[in-house]
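In the working numbering, the protein residues as written are 41 to 822. Beneath this line is the structure, given in structure tokens, with notes to follow.
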Amino acid sequence: MSGGRVYDMSTRFIEVLGARENNLCDVSLRIPKQKLTVFTGVSGSGKSSLVFDTVAQESQRMINETYPAFLQGFMDNLSRPDVDELRGLTAAIAVDQARLGANPRSTVGTVTDVLALLRVLFARAGTPAPASAQALSFNTPSVQASGEIAVKGKRQTREFQVTGGMCPTCEGLGTVSDLDLDELFDANASIHDGAIKAPGYNAGGWNVRLFAGTEFFPGDVPIKDFSEEQRRAFLYAEPTKVKVEGINMTFEGLVPRIKKSVLSKDREGMQKHVREFVDRVVTFQPCPDCDGTRLSPQAREIKIEGVDLGEVCRMPIVEAAAWVDALRLRGFEALVASISKQLNNMVEIGLGYVALERSAGSLSGGEAQRVKMVKHLGSALTDVTYVFDEPSTGLHPHDIHNLNRLLQRLRDKGNTVLVVEHKPQVIEVADHVIDLGPGAGGQGGQVVFEGSVADLQQSESATGQYLQRPAVLKKEVCKAQGELRVEDMRKNNLRGISVGIPTGVLTTITGVAGSGKSSMVQCFLKAHPDIAYIDQQGIRGSRRSNPATYTGVLDAIRKLFAKEHGVKPGLFSPNSEGACPECKGAGVTYIELPMTPPVEQPCAVCEGRRFQPEVLELTYNGSNIADVLDMSAADAREFFTQASIKKVLTSLVDVGLPYITLGQPLNTLSGGELQRLKLASQMVAKKSEAAEVLILDEPSTGLHLKDVDQLLALLDQLVDQGKTVVCVEHSVAVMAHSDWIIDLGPGAGSEGGRVVVEGTPARVVEKQKGVTAKYLAAGIAT
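As structure tokens, then:
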């Protein structure tokens, strides 16, 4: 037992003894069961290490071990966390912000199982005639098939019809894709002169020489002057053997060639310039035959009270819930009540603006987490440990009240609810609070407070102090230098609004979830392509990518080591000459076992350090290259004296990432951390590459109230440099510190899409229009 503590086993607790995962400093504590416990602390203090990487992971690992070895082979290989002992664990369900994947057939309706219930309802109660549920499934095609059946003991082959609900034109996807020919080539230029705009078709390259050297059309004539036959061959010719410059080659029209060479590849694996080309050239349109509903004509004929399934799925969920609640179908009351409960839970949790047909992959991390939460609300399981990762992400203060009620409902069903959070509104409803710190990284990992919210507010911890401190309106707002304007915006729920963003100041775009903020941002990005959009999406790269490589500071560090010892810089790259020959610089090796996934373990040769022994003997100021990659950004800033290196490391500290190590794989960073890494990179970009207008998507995500102050100082610094900074935000602290606010709403979905109020924070408070003004006024010092 760690620390000699004696625990009262007569009470119900999850007991953690000696947790050392990541930066945890031999933490021992008791978490009350069947209570709502909120874990707080500055960014990087160890909250996720304790809740997700220790408690939730060990619970899941132990459950996995109860399955047969064959089934375990299909499960994630979870290692035992670094902890002396865990007692009183129950089955844990981690509800994080991982996106729901990009499967185009996965929708909000399928993920929540609401669509399955609706299909059953339409199959049983729909007219003109009842149908099977699969006849309403957009994932089931209608096909002729044959099979053997037994007739009086004899096997006979019979033909039969499988009736599914899939639209045959779009194959149940709801959209059809095409290429924008204007983006594919310049009709006013010849092939020789670079008419083809696709990547890889540079003047003098083989692709251009192939197209220009065929006999099907001239290479030195503008494409607009091609005959109809020449144009058809240029665009759509079948693969044909040709001889170009004496070499036998295969010629194929530009459209099928581009589809095979570029569009068939995974978009996330593409280089940036190729991705940008794909985004420009590919157009997706609603399927002309099913109007985007994904359903076959036969499926759309089945209706309840004049409404078909596709129309229900297209409604915002708040409208679909109202439609279901109004149904009076005798004999189907229980089924209707079950559907109504699920839909109204989604409305309550702040997803009323989303439609059931919405692609699951298009949901933000916060929306995805709330969709997962809805599934668990309908579960009959009790005495389960639910673990949530900042469930308030993406929610307006107005919506957090409903979120709190749902968390309390989960608790009241007899479950243990563990929440990692920073928002005061969520902290305030906790039964128990565990505050970690006092700092981040090596300065964190300790329990600095345990107890009630009231006691936390009186404590000296950073969380307790900031809970008692209201936001303050900026005393003097900056004066706009000009305006970026977009007229008549009509994307999604925007109702033809015209908005101007003042330049040279800090602007916050606010509004409840689903009010149209993201749609407005997309309109501005399209109208002003020079804007840098810094979101929380993942950064392309492998597990070898890290903050040092992403910011470019590793190049300068490698040159410094190389100059010190008179060797090549490549020697200090784990991806080049200096890599450990055993693990090829990965730091880990994989053991292939039958019937189980590969087991990852530290490389036995380099012990996870990734470099050859000879390289590790070369030091700078007493540290080798592996030591440097293990340093936190804050420690590395103190270690190096070179101005160019310190500038990059200072930017990482300034954006609230002092604790991340330079060699930490990017796939281990959260969405908020990735966003701040992108911001740090933008801050140190060359003047010719740096954007003058920055739009940040909820930059306060994942930040403690103390860290938000540091973020605001950084945003002020950018404005002082002449930048225009725009934040899409729900944080009252960020709103109050803005120079200008644009509030959208008044509601979500069809009830939003309008400008409720715009002006300085003081003016917004004074006018008291909309829910944003209400919460801003309540959260500021008077």
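For each residue, glycine too, the CB sits at the ideal point set by N, CA and C. Note that the structure is a prediction, hence the values are computed from the model and not measured.
Reduced DSSP secondary structure (H/G/I, E/B, other) of residue i
{"i": "D122", "result": "coil"}
{"i": "P642", "result": "strand"}
{"i": "Y573", "result": "strand"}
{"i": "P337", "result": "helix"}
{"i": "M529", "result": "strand"}
{"i": "M289", "result": "strand"}
{"i": "L221", "result": "helix"}
{"i": "R195", "result": "strand"}
{"i": "L76", "result": "strand"}
{"i": "A238", "result": "coil"}
{"i": "I54", "result": "strand"}
{"i": "V248", "result": "helix"}
{"i": "M635", "result": "With a pLDDT of only 48 at M635, under the threshold of 50, the placement of this residue in the model should not be trusted, and no figure is reported."}
{"i": "F178", "result": "coil"}
{"i": "Y590", "result": "helix"}
{"i": "S721", "result": "helix"}
{"i": "T319", "result": "In the sequence under discussion, the amino acid at residue 319 is Asp, which differs from the Thr named in the question. D319: helix per DSSP, three-state reduction."}
CA-to-CA distance, residue j to residue i, given in whole angstroms
{"i": "A666", "j": "Q112", "result": "35 Å"}
{"i": "G1", "j": "E732", "result": "With the chain covering only 41 through 822, there is no way to say anything about residue 1."}
{"i": "D570", "j": "D749", "result": "28 Å"}
{"i": "D756", "j": "D694", "result": "12 Å"}
{"i": "A776", "j": "G819", "result": "9 Å"}
{"i": "Y660", "j": "A720", "result": "25 Å"}
{"i": "L736", "j": "G712", "result": "11 Å"}
{"i": "T433", "j": "G405", "result": "8 Å"}
{"i": "K381", "j": "Y393", "result": "17 Å"}
{"i": "M635", "j": "L118", "result": "For M635, the predicted structure reports a pLDDT of 48, less than 50, and the residue's modelled location is therefore unreliable. A value from the coordinates is still provided. Cα-Cα distance, rounded: 16 Å."}
{"i": "H438", "j": "G810", "result": "10 Å"}
{"i": "D760", "j": "A619", "result": "43 Å"}
{"i": "A683", "j": "Q325", "result": "51 Å"}
{"i": "G350", "j": "E407", "result": "22 Å"}
{"i": "I54", "j": "D122", "result": "16 Å"}
{"i": "K415", "j": "T548", "result": "33 Å"}
{"i": "V216", "j": "P328", "result": "8 Å"}
{"i": "E285", "j": "V321", "result": "30 Å"}
{"i": "N288", "j": "L294", "result": "18 Å"}
{"i": "P614", "j": "L594", "result": "11 Å"}
Closest by C-alpha distance to residue i, when choosing among the options
{"i": "K463", "options": "T215, A572, H744", "result": "H744"}
{"i": "C623", "options": "F612, K603, S672, G648", "result": "G648"}
{"i": "K807", "options": "N661, L658, D783", "result": "D783"}
{"i": "S85", "options": "P698, E798, G789, G711", "result": "P698"}
{"i": "V457", "options": "V473, N442, Q465", "result": "V473"}
{"i": "K453", "options": "D153, F274, D423", "result": "D423"}
{"i": "A674", "options": "L702, M102, V607, V387", "result": "L702"}
{"i": "T591", "options": "L496, Q682, L706", "result": "L706"}
{"i": "A813", "options": "N532, L513, S172, S691", "result": "L513"}
{"i": "G787", "options": "T550, F564, K763, L600", "result": "T550"}
{"i": "G536", "options": "L64, E527, V411", "result": "E527"}
{"i": "V347", "options": "L446, G477, L158, G286", "result": "L158"}
{"i": "L69", "options": "V95, N62, N63", "result": "V95"}
{"i": "T764", "options": "K519, A567, S585", "result": "K519"}
{"i": "G401", "options": "I103, A138, C330", "result": "A138"}
Own chain partners of residue i with C-beta closer than 8 Å, once the 5 adjacent residues on each side are dropped
{"i": "T290", "result": "P279, T280, K281, V282"}
{"i": "K608", "result": "A602, E617"}
{"i": "P431", "result": "V135, G406, Q409, R410, M413, L443, L447, V459, E461, V466"}
{"i": "V628", "result": "E640, Q641, P642, C643, G648"}
Cβ shell of residue i (< 6 Å), same chain only, five flanking positions each side left out
{"i": "G212", "result": "F178, N179, M206, R334"}
{"i": "A235", "result": "F225, D226, A229, I263"}
{"i": "V78", "result": "V459, E461, I467, A470, V473"}
{"i": "A511", "result": "V772, A773, A776, G819, I820"}
{"i": "T323", "result": "D218, D220"}
{"i": "G692", "result": "Residue 692 is actually Leu in this sequence, not Gly. Hits under 6 Å: A673, A720."}
{"i": "N664", "result": "L656"}
Residues near residue i by beta carbon distance below 7 Å, same chain, minus five either side
{"i": "K343", "result": "G166, T167"}
{"i": "S83", "result": "A480, G696, G742, L743, H744, D747"}
Within-8 Å CB hit, residue i to chain C
{"i": "Q577", "result": "Given the protein chain composition of this structure (a single chain), no chain C is represented."}
**Q.** Segments of 3+ residues assigned as beta strand (DSSP E) that fall wholly inside the segment 122 to 173
**A.** 123 to 127, 132 to 135
Q: Output the residue ranges of the alpha helix (DSSP H) runs that lie fully inside the segment 351 to 390 and measure 4 residues or longer, sorted by chain position.
A: 357 to 365, 373 to 386
Q: May I have a chain-ordered list of the alpha helix (DSSP H) segments no shorter than 4 residues that lie completely inside the segment 672 to 696?
A: 673 to 679, 683 to 694
Q) What are the start and end residues of each continuous beta strand (DSSP E) run of 3 or more residues lying completely inside the segment 478 to 558, in chain order? A) 486 to 491, 522 to 529, 537 to 543, 546 to 550
Q. Residue ranges of each alpha helix (DSSP H) run of no fewer than 4 residues wholly in the segment 601 to 632, ordered along the chain?
A. none
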